[in-house]
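Right, one structure below, let's go through it.
Numbering (full-length UniProt numbering), first residue to last: 1 to 120.
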């Protein structure tokens with residue numbers, strides 16, 4: 001069965017970019033969310049194989065959302081997406097339980113490497 005993904009980013013353009021990369025590589029898009037609060041709700045509803053999570057978002061940031069998803073499902077696989085210059089936040093996210101991270105603007109091979117590493 002194909003792996004399903006929940007794509008979380010407040011920018012629809014960024015969600016579209018990740019969606020495009022993953023769909024071209026046979027991943028199923030389970031759903032999308034535009035903030036951390038929505039991500040937690042959709043994760044519980046959709047139970048995706050993995051999540052791509054933006055760090056900086058309104059209402060609830062990616063790190064808080066990551067913690068809530070992991071509290072709900074300790075086996076959750078979350079890949080953080082960050083802009084350049086967010087190293088401290090990326091470290092916080094990895095320490096909080098994120099499996100990997102990718103930097104924007106997305107490079108398809110880096111996104112796919114992170115996904116394969118996370119799922120293996």
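Think of the CB as a built atom: it goes at the ideal place given N, C-alpha and C, for glycine as much as any other residue.
Which class does residue i belong to by DSSP, given the choice of helix, strand or coil?
i, result
"residue 49", "coil"
"residue 9", "coil"
"residue 62", "helix"
"residue 55", "coil"
"residue 33", "strand"
When every heavy atom of the ligand FAD is checked, does at least one fall within less than 7 Å of the C-beta of residue i?
i, result
"residue 91", "Because no ligand of any kind appears in the structure shown, any question about the ligand FAD cannot be addressed here."
Using the Cβ count rule (16 or more neighbours within 10 Å means buried), how would you classify residue i?
i, result
"residue 2", "exposed"
"residue 83", "exposed"
"residue 91", "exposed"
"residue 62", "buried"
"residue 100", "buried"
"residue 20", "exposed"
Taking the alpha carbon of residue i as the point to measure from, which residue in the options has its own alpha carbon closest?
i, options, result
"residue 74", "103, 56, 43", "43"
"residue 116", "15, 12, 25", "25"
"residue 103", "76, 54, 77", "54"
"residue 105", "57, 49, 47, 18", "18"
"residue 51", "31, 60, 58", "31"
Counting only beta-carbon separations shorter than 8 Å, does residue i have a partner in chain B?
i, result
"residue 71", "Structure shown: chain B not included; a single protein chain is present."
Check the C-beta distance from residue i over to residue j and give it rounded, since I have them as a contact under 8 Å.
i, j, result
"residue 98", "residue 80", "5 Å"
**OP:** Could you pull out every unbroken alpha helix (DSSP H) segment of at least 4 residues lying fully inside the region 57–118, listed in chain order?
**Re:** 62–72, 87–96, all fully within the region 57–118.
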